[in-house]
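*Asks:* Numbering (our numbering), first residue to last: 1144 to 1253.
One structure coming up, written as structure tokens, with questions to follow.
In structure tokens form, the structure reads like this:
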């Protein structure tokens, strides 16, 4: 049984995120719905994202496994605020001379 009342566990996920009008070029307020479960205020650095093909604001999300590169995905949203339900586009990074091994093996042959 969950210790929280929503379908998703508590986390930031851009809930209650806003960009003050004074920091916006076109003076249009940008905000997302949601409510934090506590009173902690999180300040983040403002990045000016470019709209791709007039539709989406993409960001690249990478992660590490131990001391090495783990992977990367592209997240896109119609809004300037990337949310938990934003589109995820997987990416595959292949190093030169790296064996893909089991990635292309037939299941019975491994």
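Virtual Cβ for every residue (Gly too), placed ideally from N, Cα, C.
Predicted model only: the values in this text are computed from it and were never measured.
Would DSSP call residue 1230 helix, strand or coil?
*Replies:* Position 87 of the chain shown, counting from 1, holds the residue named residue 1230. Reduced to three states, the DSSP call for residue 1230 is strand.
*Asks:* Express the C-alpha separation of residue 1216 and residue 1205 in angstroms, rounding to a whole number.
*Replies:* Within the chain shown, the letter at position 62 stands for residue 1205. Within the chain shown, the letter at position 73 stands for residue 1216. Rounded to the nearest angstrom, the two C-alpha atoms are 7 Å apart.
*Asks:* By how many angstroms is the C-alpha of residue 1199 removed from the C-alpha of residue 1207?
*Replies:* Residue numbering aside, residue 1207 sits at position 64 when the chain shown is read from its first letter. Residue numbering aside, residue 1199 sits at position 56 when the chain shown is read from its first letter. When rounded, the distance between both Cα atoms is 26 Å.
*Asks:* With a CB to CB cut of under 7 Å and the five nearest residues on each side skipped, what residues in its chain are close to residue 1233?
*Replies:* Along the chain shown, read from residue 1 onward, the residue named residue 1233 stands at position 90. Around residue 1233: 1216.
*Asks:* Kindly list the residues whose CB is nearer than 6 Å to the CB of residue 1230, restricted to its own chain and excluding five residues on each side of it in sequence; keep chain order.
*Replies:* Position 87 of the chain shown, counted from the start, is the residue given in the question as residue 1230. If we look at residue 1230 and ignore the five residues flanking it on each side, its Cβ neighbours are 1219.
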